[in-house]
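> Everything in the sequence shown is counted per numbering that gives the first Met the number 0, starting at 0 for the first residue and increasing by one. The beta carbon of each residue, even a glycine, is placed where N, CA and C say it ideally should be. Since this is a predicted model, take the numbers as computed values, not measurements.
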Amino acid sequence: MSKHFLDKAMARLAHDAPELQPGHVWLAGAGPGDPGLLTLDVLSALAQADALVHDALVSDKVVAVAAEAEKFFVGKRGGRLSIPQGDINALLVRLAKEGRKVVRLKGGHPLVFARGGEEALALAAAQVPFRVLPGVTSAFGGLASAGIPATMRGINGAVILATGFAADSDDRPDWAALARTGQPIVIYMGLTHMAATVADLMKGGLAADTPAAFVENATLPEERTVVATLGTLAEAAHREKVVSPSLIVVGHIVSLREKFGR
Ligand code: SAH
């Protein structure tokens, strides 16, 4: 039945999806998991691609839309990048120079903590034409799905998206400074260094009883939200066996979830 609605809506919209030319690369975002969060242009890109370079965070169902494409899986296995970033950049350039219609598909948004920017730079340097097809980033898809508003009048006037995994000092957020803004923080890739991140946020003045939550497998059938406080995050992760992919949300927006009846 829902298929029927979608066909009807597509026919009425009559959207002229852009055409993927041979020798071009589209850096596309698949959203956090639920296929319903794909954009129309990403969906049509998948149907046009003859080469699909994709990551682990993209579901099989979405990959399967690219039925005519040769698939190149370049994701992480067991938490480790199976293929160095430089090789992925080189692969994209090579496929484009061969005249393929290339879609580079990543989970969420391709330019949010996804190294899409490095790929764009490599394509620009090699004079390969490319465009970016945005996707719903997991913070916004995940918060919505968990019943947590990203902004709420009277609570926050900003929302911070941060990575918990930045290895080098250039990207590593100044957690104490972020804490001092008093604005909610959504942390990507936060599980590995969670203890240090929590300690730094508290050093910055965030109270231990600040509401916090994990949103695990957001927008997927196995989605789960675990509510805690900043001070009890580590304990909750351990007790509930929180696994990746998971977002950590810290801030008073989390307490709205209950009031929304979730
Ligand atoms: N480009 C992606 C982020 C890639 S970094 C985006 O825009 O969402 C990978 C991190 O994203 C994971 O460690 C996790 O924190 C988060 N993430 C991605 N998909 C997720 C999902 N379905 N549920 C929860 N977190 C997710």
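1) Tell me whether the beta-carbon of Ala119 lies closer than 8 Å to the beta-carbon of Leu26.
2) The beta strand (DSSP E) that contains Lys70, what's its start and end?
3) Does Ala227 come out as helix, strand or coil in the three-state DSSP assignment?
4) Using DSSP's beta-bridge definition, name the partner residues of Pro183.
5) Could you give the first and the last residue of the continuous alpha helix (DSSP H) run that contains Ala121?
6) Between Val64 and Ala50, what straight-line distance do the alpha-carbon atoms span, to the nearest angstrom?
7) So, with DSSP's three-state summary, where would you put Glu18?
8) Below 8 Å on the Cβ atoms is my contact criterion, and I expect Ala178 with Pro172 to pass it. Report the Cβ-Cβ distance as a whole number of Å.
9) Apart from the five residues just before and just after Ala58, which ones in its own chain have a Cβ nearer than 8 Å to its Cβ?
10) Which residues does DSSP list as the beta-bridge partners of Pro210?
11) Do you know how far the Cα of Arg11 is from the Cα of Lys75?
12) Going by C-alpha distance, which of Leu39, Lys70, Leu42 is nearest Asp54?
13) Label Val52 either buried or exposed according to how many other C-beta atoms from any shown protein chain fall within 10 Å of its C-beta, with 16 as the threshold for buried.
14) Count Cβ pairs between the segment 195–213 and the segment 229–249 that sit closer than 8 Å; are there 3 or more?
15) For Phe139, I'd like the list of residues in its chain whose CB is within less than 8 Å of its CB, leaving aside the five on either flank, ordered along the chain.
16) Does the count of Cβ pairs from the segment 16–26 and the segment 124–133 closer than 8 Å reach three?
17) Quick check: does the Cβ of Glu221 come within less than 7 Å of any heavy atom belonging to ligand 1?
Let me lay it out:
1) yes
2) 69–72
3) strand
4) Note: Pro183 sits in no beta bridge, so no partner.
5) 115–124
6) 12 Å
7) coil
8) The pair is not a contact, with the Cβ atoms about 10 Å apart (cut-off 8 Å).
9) Residue 58 is actually Ser in this sequence, not Ala. Closer than 8 Å at the Cβ level, and outside the excluded window around Ser58, lie Ala29, Gly32, Pro34, Leu219.
10) Thr228
11) 40 Å
12) Lys70
13) buried
14) yes
15) Ala149
16) yes
17) no
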